[in-house]
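K.L.:
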Amino acid sequence: MKNKKGQMEIMGLAIVIMLLIVGMLFVVRFVITKEPEGYKKEFTQSQLASNMLNTLLKTNTDCPDLTITELLQDCGHNPDNPAITCSNNGKKSCQFVEDTAKYIFNQTLDEWNINYHFTVYFEEDNPIIELGSTCPNDQKTEIFPIPSYTTLFTRLDICG
Numbered sequence: 122m123k124n125k126k127g128q129m130e131i132m133g134l135a136i137v138i139m140l141l142i143v144g145m146l147f148v149v150r151f152v153i154t155k156e157p158e159g160y161k162k163e164f165t166q167s168q169l170a171s172n173m174l175n176t177l178l179k180t181n182t183d184c185p186d187l188t189i190t191e192l193l194q195d196c197g198h199n200p201d202n203p204a205i206t207c208s209n210n211g212k213k214s215c216q217f218v219e220d221t222a223k224y225i226f227n228q229t230l231d232e233w234n235i236n237y238h239f240t241v242y243f244e245e246d247n248p249i250i251e252l253g254s255t256c257p258n259d260q261k262t263e264i265f266p267i268p269s270y271t272t273l274f275t276r277l278d279i280c281g
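Quick note: the sequence shown uses my numbering, first residue 122, plus one each step.
#1: Taking the beta strand (DSSP E) that Y237 belongs to, which residues open and close that run?
#2: Closer than 8 Å is the cut-off here; do at least three beta carbon pairs connect the region 172 to 185 with the region 202 to 210?
#3: Please name the residue in F151, Y224 and E244 whose C-alpha comes closest to that of L177.
#4: In angstroms, rounded to a whole number, what distance separates the CA positions of M129 and M139?
#5: For K114, which of helix, strand or coil comes out of DSSP?
#6: Rounded to the nearest angstrom, what separates D201 and P268 at their Cα positions?
#7: Taking all protein chains shown into account, decide if D278 is buried (16 or more other Cβ within 10 angstroms of its Cβ) or exposed.
#8: Is the region 254 to 262 touching the region 165 to 177 in the sense that three or more CB pairs, one from each, lie closer than 8 Å?
#9: Helix, strand or coil: which one does DSSP assign to P206?
Rendered as structure tokens:
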């Protein structure tokens, strides 16, 4: 009689352990391996757009040691014939900014497989500089105005 009571206790303990294992499998499956929350992804994309654009605009260049913002201001005064020509490569400010932005985005966003659309414009439907492709659906946008002849806008859309 005592022998059967001991076997029942061990069987009960085995069932409890099996239930704990199954519970842990559910925790691993549904909690640990779930996709990031939607708000977290949106926040990350929004911050990425803001930080990338802010960093790009403050970048010092070797085109007479000016920042991208200063080159864009020159580009904004006369996009067809800017006053500043870079001495090291002979490019006008607009072309130099476009080439520099393309290089930076190729080394970062393209490398990380993040789709983007970068534009510099006075009027949104007539950009001076345009890189990447238009986002088909959801996007996080950052727009920085740059004072120039009139206000010049830089816009970076991170596609989601």
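Glycine included, each C-beta is placed from N, C-alpha and C at the ideal position.
On a predicted model such as this, the values are computed, not experimentally measured, just so you know.
P.N.:
Working from what's here:
#1: Y237 to E244
#2: yes
#3: Y224
#4: 15 Å
#5: Residue 114 is absent from the structure shown; the chain starts at 122 and stops at 281.
#6: P268 has its alpha-carbon roughly 18 Å from the corresponding atom of D201.
#7: buried
#8: yes
#9: For the record, residue 206 in the displayed sequence is Thr; it is not Pro. In this structure, T206 counts as strand in the three-state DSSP scheme.
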